[in-house]
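Heads up, the sequence shown is in full-length UniProt numbering, so the first residue is 1 and it goes up one at a time. By construction, the Cβ of each residue, glycine as well, lies at the ideal position given by its N, Cα and C atoms. The structure under discussion appears below in the form of structure tokens.
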Amino acid sequence: MRNAVLRLSDVACMRGGRMLFRHVTLDLQAGGSALLTGPNGVGKSSLLRICAGLLPAFAGRVDMRGGIALTDERLALDSERPLLKALGFWARLDGVVDGTLERALDAMALLPLAEVPVRMLSTGQRKRAMMARVIASDAAIWLLDEPGNGLDDASLDLLGAAISCHLAMGGIILAASHQPLPIADHARIDLRAYAAEAEDA
Ligand SMILES: Nc1ncnc2c1ncn2[C@@H]1O[C@H](COP(=O)(O)OP(=O)(O)OP(=O)(O)O)[C@@H](O)[C@H]1O
């Protein structure tokens with residue numbers, strides 16, 4: 001992970017025929033993190049999806065070195081399967097080494113729920129399951145959409161520990177959040193400053 005890079009150069013986003021933002025520039029190197037802020041609809045999730053390659057940028061460039069893991073509001077886990085097996089599907093695709101998944105579950109205090117079907121998990125437990133999927137992916141670049149939503153204080157502490165550990169290993173984190181996140185030293189992008197209407201006004 002030590003050579004991870006996420007670089008945005010003059011990125012613009014158009015959705016539904018409307019220019020959301022433009023001229024977004026960011027340079028994150030190994031161990032670097034940034035927090036995306038701004039009101040509902042400003043385009044935080046859209047920017048994360050552009051970084052993940054799920055949405056084309058209208059203009060500009062996204063350059064990266066390192067694998068990508070994205071969490072958003074979609075759980076992307078088979079609801080009928082026990083948690084460990086549902087996460088195992090992704091672990092096999094990611095080709096992670098034995099024990100990685102168990103360590104990720106442990107990091108999110110989910111080992112006691114390993115055999116519980118995903119559909120029975122509470123909101124906060126689901127959110128922790130999404131983080132376990134990200135941790136187990138071994139991806140260098142974490143794109144986190146509202147990772148603290150629905151988490152209690154103890155779970156926020158677990159999230160903070162996972163984030164610190166990832167950055168200490170040379171990972172990169174770009175997170176969108178309406179609430180403060182437990183990231184010690186991060187760049188901050190308020191997308192309002194890049195809104196097309198703000199510039200045109
Ligand atoms: N598939 C789509 N087609 C067209 N417009 C879309 C699509 N998805 C989202 N949008 C619009 O893009 C804008 C930005 O949405 P986005 O989800 O990126 O905002 P956000 O800053 O993450 O908001 P929130 O804080 O509510 O999560 C919104 O106006 C939304 O309606």
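Straight across, the Cα-Cα distance linking A59 with V24 is about 10 Å. C-alpha of A162 to C-alpha of I135: approximately 8 Å in a straight line. A140 is a Cβ neighbour of I172, given a cutoff of 8 Å. Between A4 and A30 a beta carbon distance of about 5 Å is seen, short of the 8 Å cut, so the two are scored as contacting.
A straight line joining the alpha-carbon of A193 with that of G32 spans about 21 Å. The way I'd put it, the stretch 94-104 doesn't touch the stretch 166-185; fewer than three beta-carbon pairs between them come closer than 8 Å. Counting only residues whose CB is nearer than 5 Å to a non-hydrogen atom of ligand 1, the list in chain order is R15, G16, N40, G41, V42, G43, K44, S45, S46. Judged by DSSP in its simplified three-state form, P82 adopts strand.
For F58, the secondary structure class from DSSP, reduced to helix, strand or coil, is coil. Taken atom to atom, the span from the alpha-carbon of I50 to that of M19 is near 14 Å.
Counting C-beta atoms within 10 angstroms of its own C-beta, A184 has fewer than 16 neighbours from the protein chains shown and is therefore classed as exposed.
If you draw a straight line from the Cα of K44 to the Cα of P117, it comes to about 31 Å. Of all C-beta pairs linking the stretch 102-119 to the stretch 74-85, three or more are shorter than 8 Å, placing the two stretches in contact.
Within its own chain, the residues whose Cβ lies closer than 8 Å to the Cβ of P39, once the five positions on either side in sequence are excluded, are R192, listed in chain order. Counting of Cβ neighbours within 10 angstroms places R2 among the exposed residues, the total staying below 16.
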